[in-house]
Each structure stands twice: as structure tokens, then as C-alpha cells.
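Working notes, beginning with the structure itself.
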Amino acid sequence: MEIDLAVAWEWPYDAGFVERVAGRAADRGLRVLPITPDSLTSALEDLSAGRLRLRSVLDRASDARPEFLPLTRHAEGAGARILNPIHHQDRACDKARNHLLLAANGIPVPFTVIVPPFIRDPSPPVLPAALGRPFIVKPAGGSGSEGVILDAQTVADVQNARRTFWRDRYLLQQRVYPRQLEGRRAWFRIFYVCESVIPCWWDDLSHTYAPLLPDEEVRLGLTGLRPLARRIGELMGLDFFTTEIVLGCDGRLLCVDYANSPCDMRLQSQHYDGVPDAVVDQVVDAILETVAGACEPAPAAEESYSPAFAPH
């Protein structure tokens, strides 16, 4: 059996997103197979036996559950497209690497000091005046807000943070204050999905989203967001991630959080801090456009592999 898109997932809160993918894929005549920890073993057996062929895989599991790695490796070895390949994701989610990469390629980023792992060099770092006070401290390899300090003031704050993830490099980042635009903080989280750019308002205090409308981009002077995000996407080497860009009080667009993947795709209709449902649909459609472009829809098969959506 040939499947156009397998979705490897393990986070219960992904259920709404996976259901959306399956439903919109069916509308296009594409076959989707959700693969959970419960169905992983049988999927691997069928792949090994040649009973199952995957044309593409959306990998939302192997970063947290290494037992999914054989699935993506087997599929990739057989010619499937993987969104995102785990080795690209691991590399691209190193914040220290990304800061240096973007800065070297002309992407505007905040003033940042990168300090070595505490285990390698525990000496206190020098805090340049340009860093300002307060400043942000974040581990290079952390996910989400884990280990991030938003209001650091002293060397002692830095040293305490470094001891938390003592094998990791840390970024000391100048704090950026967004301009107010029609009563909103000019902070944006932008989805980069298979070369499509989908910008959203994202309040960094409440962590709530709203779609950024095309007329707002023009009226509020935000037309620079898309080309900047597209250039970041080219440098990151990922198919699907988010980046955060802020319009500062000085009128400059700055990339403050470089690449987040896997993206949190909880639906706003189910979670107040989720992604607007219409944006989720745009993300899904961009993924499915890529899947459809890579292959013709597989013909309907008489046998049943039970690709039905099944939350766990």
C-alpha cells in the first residue's frame, strides 16, 4: 500500500492538528496515515516487509521519542520526503549557531553575547553596556521557554542560569521592546511552511495569536516581514518552523527567536493560546500542496490498512 503522507506524532495535544491534516488531505484525494506510538511497531514491520510505502512523512515525534527514528530513516532511504529531517532540525534549533548564521548573512538580530558551557568555562562573562538592563538569558539548545530568563540584571543571574543546563552554550540577548501599532504590540510569529510564509500577530506577554491580515501589512508598514522570514527560511534549511520578528521602537525589524520546530499547532478554538484555526488550515494546505506536488494521489486500494485518525 502506498501512503501519500504519514504523520508521525506522539503529543496528545497534536490530535486536532492531525485530524485537520487528515480531513483536508481527503478532500484532495490524498491518503494520510497517522502513526502514533501505539501503531509504530506495526508500521515498521509493514515497511520492512514491503507492504507499506510512504511518499512523504511529517515528523512530529522523533525529537521527543527516539523510537520513531527508524521510521523516518527507512522512509527517507526509500525516497520519501521528510518534513523536517531530524538531523536538519537538531542543527537548525541550536540558537547560538543560528544567531551567528543569521548575523553573518545580514539578518538583523539583537545584540547578543554567546558564552561557553559552564562545564567547559565556569568563569563569569563580561556584560557589555550594549546588552542593556534587563537582558534575556537563554540556553542555546532549549525548547520553548525552558531555561529562559527574561529579566536578568547581573552576572550572578547569568551564572545561576548557566548551571541549569551546564553542558549548553548560553545566549545573553539585548531585550527588544516592540512598537505599538493600533493598540497591539508589534511582535510577530511567522510560520515558514514549504516556502510559504504565513505571518501572525503574537503577543509576547499573553502568548496569544491573531492572523496578520494583508491590508494590515500594507497599512502598518509591515511589508518587510515576508521577505525577511523567507530569507531566514532559506538559511535555516527546514521545511516547517516558526520564527519571531519584532518591529522595535526604533522602527527596525529584528529577528529575536530564530527557529522553533516542531511547531506548537494546538488550535485556538480549543486553546486560548493556540494557533488561529484559519492559520492552521493555511499551514496544512501548504504542506499538502508540497505532498501533492511530489506525487500523484495513490489509487484507492481494496485492502484496509486502518489509516483512520485515532487519538491516543
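In the numbering used here, the protein residues as written are 2 to 313. Virtual Cβ for every residue (Gly too), placed ideally from N, Cα, C. Predicted model, so just to flag it, every value in this text is computed and none were measured.
In the structure shown, what three-state DSSP assignment does VAL114 receive?
strand
Here's a check: name, in chain order, each residue in its chain whose Cβ is nearer than 7 Å to the Cβ of GLN154, leaving out the five neighbours to either side.
ARG134 and PRO135
So which of LEU239, VAL284, VAL198 and VAL156 has the shortest CA-CA distance to ILE246?
VAL198
Is PRO200 helix, strand or coil when you go by DSSP?
strand
Which class does ASN161 belong to by DSSP, given the choice of helix, strand or coil?
helix
Give me the Cα-Cα distance between SER305 and ILE36, rounded to the nearest whole angstrom.
Annotation note: pLDDT 33 at SER305 (below 50); position unreliable, coordinate value reported separately. Roughly 15 Å between the two C-alpha positions.
With DSSP run on the structure shown, which of helix, strand or coil describes ALA309?
Because ALA309 sits at a pLDDT of 33, beneath the cut-off of 50, its placement in the model cannot be relied upon, and the point is left open.
DSSP has GLN154 in a bridge; who is on the other side?
Its beta-bridge partners do not exist; DSSP assigns none.
Taking the continuous alpha helix (DSSP H) assigned at ILE87, which residues delimit it?
87-93
Drop a sphere of 10 angstroms on the beta-carbon of VAL200, count the other beta-carbons inside from all chains shown, and report buried for 16 or more, exposed for fewer.
Note that residue 200 is Pro in the sequence shown, not Val. Result: buried.
Spatial distance of ARG267 from PHE18 (CA atoms):
7 Å
Let me confirm a value: CYS256 is counted as buried when at least 16 other C-beta atoms fall within 10 Å, else exposed. Which label applies?
buried
Cβ neighbours of ARG163 in the same chain (closer than 6 Å, five flanking residues each side left out)
PHE119 and TYR171
Counting along the chain, where does the beta strand (DSSP E) carrying VAL138 start and finish?
136-140
Enumerated in chain order, which unbroken segments of the beta strand (DSSP E) with a length of 3 residues or greater are wholly contained in the stretch 167-255?
171-175, 188-194, 197-203, 210-212 and 241-248
May I ask which residues mark the beginning and end of the beta strand (DSSP E) holding ALA7?
6-10
Assuming contact is defined by CB atoms lying nearer than 8 Å, are ALA23 and ARG56 in contact in what I supplied?
no
When the Cα atoms are used, what is the spatial distance from VAL177 to ARG190?
15 Å
Just reading off the alpha helix (DSSP H) that ASP60 is part of, what are its end residues?
ASP60 -> not in any alpha helix (DSSP H); beta strand (DSSP E) instead, spanning 57-61.
Could you pull out every residue in the same chain whose Cβ sits closer than 6 Å to the Cβ of ALA79, ignoring the five residues on either side in sequence?
none
Should GLY352 go down as buried or exposed, given a rule of 16 or more other Cβ atoms within 10 Å for buried?
Residue 352 lies beyond the range of the chain shown here (2 to 313); nothing can be said about it.
Provide the residue(s) that pair with VAL276 in DSSP beta bridges, ordered along the chain.
LEU268
Mind checking which residues open and close the beta strand (DSSP E) that includes VAL82?
One point to set straight first is that residue 82 is Arg, not Val, in the sequence displayed. Start and end: 82-84.
Quick one, which of GLY225, ASP216 and ARG185 has its alpha-carbon nearest SER207's?
ARG185
Going by the beta-carbon positions, is the gap between LEU53 and MET2 smaller than 8 Å?
yes
Neighbourhood of PHE112 by C-beta, 7 Å cutoff - its chain only, sequence neighbours within 5 removed:
ALA131, LEU132 and GLN175
How is ASP108 classed by DSSP in three states: helix, strand or coil?
This sequence places Ile at residue 108; Asp is not what is there. Three-state result, ILE108: coil.
Quick check on the burial criterion: 16 or more other C-beta atoms within 10 angstroms. Buried or exposed for GLN90?
buried
Residues in its own chain within less than 7 Å of ASP152 by CB, not counting five upstream and five downstream?
PRO135
What's the call for CYS250, buried or exposed, on a 16-neighbour Cβ count within 10 Å?
exposed
6 Å CB neighbourhood of ASP7 in its chain, flanking five on each side removed:
What sits at residue 7 in the sequence shown is Ala, not Asp. Correct list, in chain order: LEU34, ILE36, LEU55 and VAL58.
By the three-class DSSP mapping on this structure, what secondary structure does VAL33 have?
strand
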